Structures are given as C-alpha cells and as structure tokens.
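Scroll down for the structure; my scribbles are underneath it.
Residue numbers (this note's numbering): 111 to 844.
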C-alpha cells in the first residue's frame, strides 16, 4: 500500500498536517466543548444572578481570585491532545508506518505538533470569543466597556494559549523519550508538577527545620503570613505562572480599584523556555529509536529525575501536620513520610521497569533519594544558605513592622464590626515603624530573635512573632518565630517607647484612627475601642462597671495620654503596687435584655462585655493625672467581698492581662498549658485573702515563675484571675 502523501506530489507536509488534524479530532472537539462550556456558562451564570445585575463590569472567568481550576483544565486537554498527536511514538505498528512513509522526521514532527496546537488554539479562541460575547450582550457594557473587555480577553486568552503550548510541548518531549502510553502519561504529569512538588516539599521542611520561616505557617492569631512556596513562586511553575495575570485581568466589579498589574518578566521567561522545549522535543523526536516503541524502562534517567520530586513531597507532607495546630510528633511525621515515599517508590519503580536485575542495585536509588532529602534538611537546620540570618540593610528599609506582647488590643490588623470583633489577646499585631530610630530599635530586637535560634536551653516561651520589612524596591521580607526567651520578650517592650507607638496612642486618646500616607500599612482603616468606643470605669473587686459620660471621658483620655507619655516600661508592665481602677474601652454602649426589653444601664455587669470589642487599661499610681480624676468620681462600682482564693503555680510562661471569665487570654502562649497548672491550695481565711489580693496584679509582664490566683466573689458568679510576682508570694503560700 502506498502512503497517501506520495499522491500529493510536493505537498507531503500539508497532507501530513491534515492527517494529524483528523487523528486529533475527538480530543480536540471534546477539549473545545469542555473549556468553552465552563468559561461561557460560568460567565452567563453570573449575569443571570439578580444580585449581580448591576455591579459586574466583566467576567471572563468566574472566580477572579481562583483561576487555578481553569488553568488545570487547559493543562488537562493539552496533555490529552499531545498524546493523540504523537500516538505513533508508543504504538509499534504506527511507529513503523509513520517513520517509513516518505516524510523526514522533522516534517513529521512539524505536522503533528502544529495539528495538535491548532486544536488547542481553537479551544482557547472559541472560549474567549464566547466569554467576550456573553459580556457584550449587555448593552451598557457594549457601549462603554467594549475596549476594556476585548483587551482583557486577549490578555487572558494569550495566557491560556501559552499555558497550553507549554504543557503540550512538555508532553510531546516526554512522548519522544518514553516507550509506552503509561510511561508518557506518568512522566508528563510528574514533569509538569515537578516545581509544585519541589516547592511543596521544601516548604514543609522549612516550616519545621528553618528558623524564621514565614511561608505557610499555621498560627492561631491569623497573621497575614506569606503563602506556601507553590503560590509565592508561581512564576516558576508551568501550571501557575499565569495565575496572577488571570486574577488581574479575568474579572472586575464596578467601583473596584484597578488591579495591580503583575510584571511581565515571568511570561517572557516562559516564552523563552517554551522555545527551548520545542527545540528539545524536535531533537529527541528526530533521534528516537523506533525499536523502543512499546517498551517500558527505555529512558531510566528520565524516570530517576522525575520521580525524585514525588518522593520528596511525600516525605515532607507529614511535616505540615507536625507543625499544625493539632500536631503530631516529629518522629511520627518522619516515619509517615518514609512510609509514603517507600510505597510510591516500590509501586512506580517496578511498574515502570526502572529497576533491572539484580533488584538490590536498583533499590539503592531510594537511599540516594533519602540522602538528598537529608542534605536539604541539614542545609535548612544550618540557616538555609543565609535565610535564617538575613536582615536587610538599614538604608534599604522603607518601613518595618514587628508584633510583640504589649498592651492588649493596642495595635490590631483590620477593623472590627458588629459580627466579627478582634480577639482579646496579649499581642500587638505589627506595629509599623517608619522613623529611623524606631527602625534601628526593631532591627536590634530582630537580631536577638535571630541569634537565639530554634533550640534554646532551659525554659522558653511559646510565642508568635512576625517581623516584616518593606524595602525601597517594594519587596517585602517576612520572618516568623514560634518561640522566644523571656528576656527577649521583655526587651521587645521597648517598642512602647517608639515614635510610632506614642503617636498611635495619642491619636487613639484624641479619638482619631491612624491614617498613614502608605495605604498598604497594616493598620490602615483600623477602628479601635480606644478611639471610637465608649468608656466604662471598673475596680479590681467589682463585677460591674460604670458608664462615663462624654465630657468626663474626654478629660480622662487627655490625662491618660499625658500619663502614658511619662510612664516607664517598668511601671507599665511590672507595677510595684496593685491597680486602683480599670478603664474599659468598649466598642458600643452595653445593653441588657430584661422583661421591659433592651435597656442601656449606667452600671452594667462585666459579664456583658464581649472581649472581641474590648480594650482595658489598668490605672495605678504611675498614672497620677488619670488617678486623680478617677478618684474624684462619686459614682463608682461597688466592690465585692472575696469568698475564697485558689493559688495556682508556679507559672513560668508570660501572663500579662487577665480575662474575667476564663484563663484563655492570660497566656501569651498556648492556653492548652492550663492543663499543666496545679492548684496548690484554696484559701478561705479573710486575713490571708486580703493579704494575697493586695499583693496581686491584674496586669503584669510575668516571667519570674510567679503564681496565679483566682478570686471568687461572694454573692456573684464572677471570678477574677490575677498574678503575684514570685518574690512577693508569702512563704506560707508556697
């Protein structure tokens, strides 16, 4: 039988292209329908929703923040299209036929490659045209947004097409190197996910073994930490490099600010890489041995290279659990990783015939993999090639922020609302520093965190600290620390003396919120009870508070601003005497439900406070101006008698501020440590109760292994938790 190409005289390439188009018809049509259907139907679904009748300007893809599913669909149809285009490379009969049919291999590669990409181009083109048409069916958009819609559609379509080209080329290259369909499919997937597996595995190890790592760390206070390396390094990922561009250009809501346009460097880089991949695919296609068709294990080096990232990520995945909020032990995580990776190794290496006889020689590759993974762990433990020890140069820093344990709820990220609030915790989330002296202070503190390392002798405090830099070129550098010594945490209180802290507190007392020139500062548009809330007066022995009127509140705020300016760190955090009053800054006036409906009492019970909207400041003799005003108030809350006191401790973690209902906010570290605290004794003697309470503090920076006391009021369901410095606890109570 004569190949049909001979009858076309000088047009063998064109005829081969038509044959290749025909071979790819089924996957081409299915891929076109799948991609077009998903994109167009999701666009129409949005516009058919009456809730979006007026606010959507355009919607090329439905979820502008999550374009990954669409990109993965593009990748899927590209893999399948390539498998059909180059099916002769893993079918022995087809290989003999095509490679002896009168076409040179370069022409055959060109025809097959172009045919498959033609189908993918059609799929992307029709989906983009359909999406743009769906947007322009609304006359108001057709009249005012046509240019915007068409322009952004072209950009998104280009990204989809480039992604398809990369995936298609990688699959074609793997086809040229492999002998069977199973090999081609497995190796293509592994090749495309190679960066994902490497980044995911590395990030898992960084969380556990790299001091200061901030990527993808789970924390109970919801810091805005950097994403997993898979997302942070998406520009190096063939499946995700266009993700930020689709997010920026894929959709926009009316009134929404124009998105930040990503730089086009990664796209240009991938265009260059694609050209190299096409050249390699053509080279290996031309040099392919026909006798390898249908045989497994004909390209063992490819298997060894592509399977290492899979083994790596399987070893690392359990480390995410070991570092989570419900962790497993590191030994369990490592053992689980070994088990998963060993199972994958055995299953894939034998099924793909990467191990020949004698079997033991092939199995030795697994210890080699483990040695490579161990070497990465050693690098991370020794500082990650300078990562752990890095600090930007002072001249390069535009601003810096650092979280620390200070006045609770003083510096918060984001505003509160009637349904959310913010957690009442001993943590100032990211005091933003721009003054030169402030930055120098924070740099010294960060250096102390760096030098203490992750392995600390003796007792250390479980503490989350986030340090962030914004550099002159706009780059952000983040470091996150799980633990710190008591000495370092005490040193960080010096941040209260910075210009940023003083200006912020003065602004709060003047009922103004910070309005920084830089809109990306973390407390932009923040509202706080310290500035906008109402003010209540309480005492250490009261289960009620008294509402203070606006005029008196203004005087108290001014006096408190002056007192805080002159108050020393020692007076604020390690007071020598117990407080006389407690000022409760609350988001809204407290109301109580009774038989007559909702009322706003002058003296509500403390139990009605929601700690998510509350800030408290304890007033003692170190605040003379404020203390004088409060002492002259005639209507004060009634003090209660104490029925009994429980002594708990010694407590070596850091207690600074107590909650009136439970111990959760007493701790700077995990409140799960409560189970480790022992009740030493319960005191009912009035004289000893009085002695203990006078020695206690409601607000204290602990670290001296002092003691907690829980005081239970008579004729009240309320109790208060307080702290007694170790040196002041009577001998009879130890």
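We put the beta carbon where it would ideally sit given N, CA and C, even for glycine. These figures come from a predicted structure and were not determined experimentally.
Are the region 419-429 and the region 442-453 in contact at 8 Å, needing three or more beta carbon pairs? yes
Between the alpha carbons of residue 509 and residue 812, how many angstroms are there, rounded? 30 Å
Below 8 Å, how does it come out for the region 666-675 and the region 735-753: are there three or more Cβ pairs, yes or no? yes
Nearest to residue 229 by CA position, among 259, 802, 723 and 143, is which residue? 143
What is the DSSP secondary structure of residue 835, reduced to helix, strand or coil? coil
Answer yes or no: does any C-beta atom of chain C fall closer than 9 Å to that of residue 561? Although the question refers to chain C, the structure presented lacks it and comprises just one protein chain.
Helix, strand or coil: which one does DSSP assign to residue 829? strand
Can at least three beta-carbon pairs, one atom from the region 585-599 and one from the region 637-657, be found at a separation below 8 Å? no
Limits of the alpha helix (DSSP H) - the one that residue 296 falls within: 291-302
Could you give the first and the last residue of the continuous alpha helix (DSSP H) run that contains residue 359? 353-359
Taking Cβ to Cβ, would you say residue 716 is nearer than 9 Å to residue 693? no
Nearest to residue 802 by CA position, among 790, 824 and 839, is which residue? 839
Quick one: any contact between the region 178-196 and the region 265-285, if contact means 3 or more CB pairs under 8 Å? yes
What's the call for residue 654, buried or exposed, on a 16-neighbour Cβ count within 10 Å? buried
Length of the line joining the Cα atoms of residue 752 and residue 652: 10 Å
Rounded straight-line distance, which links the Cα of residue 286 to that of residue 391: 7 Å
How would you write the range of the alpha helix (DSSP H) that residue 588 sits in, first residue to last? Careful: residue 588 lies outside any alpha helix (DSSP H), inside the beta strand (DSSP E) at 586-594.
Which of the three DSSP states, helix, strand or coil, is assigned to residue 753? strand
Residue 275 vs residue 188 beta-carbon contact at 9 Å: yes
Do residue 551 and residue 559 have their beta-carbon atoms positioned less than 9 Å apart in this structure? no
What does the alpha-carbon distance come out to for the pair residue 440 and residue 415? 28 Å
Considering only the beta carbon of each residue, do residue 743 and residue 819 sit closer than 9 Å? no
Since residue 688 and residue 798 should fall inside the 8 Å C-beta cutoff, what is the C-beta to C-beta distance between them, to a whole number of angstroms? Not a contact, Cβ separation roughly 16 Å.
For the structure I just gave you, are there three or more beta carbon pairs, one from the region 303-321 and one from the region 378-390, closer than 8 Å? no
For residue 344, which of 227, 557, 582 and 372 has the nearest alpha-carbon? 372
Just to check my reading of the structure: residue 240 and residue 149 have Cβ atoms closer than 8 Å, yes? What is that Cβ distance to the nearest angstrom? 7 Å
Extent of the continuous alpha helix (DSSP H) to which residue 222 belongs: 215-246
Name the residue from 698, 644 and 516 whose alpha carbon lies nearest to the alpha carbon of residue 680. 516
Helix, strand or coil, according to DSSP, for residue 742 in the structure here? coil
Expressed to the nearest angstrom, what Euclidean distance is found between the alpha-carbon atoms of residue 438 and residue 342? 26 Å
Counted within 10 angstroms of its Cβ, other Cβ atoms place residue 360 as buried (16 or more) or exposed: buried
Check whether the Cβ atoms of residue 349 and residue 182 sit closer than 9 Å, and answer yes or no. yes
Please state the DSSP three-state secondary structure of residue 698. coil
From what residue to what residue does the alpha helix (DSSP H) around residue 418 run? 410-432
Within 10 Å of its beta-carbon, does residue 222 have 16 or more other beta-carbons around it, so buried, or fewer, so exposed? buried
Member of 591, 135, 697 and 504 whose CA lies at the smallest distance from the CA of residue 513: 591
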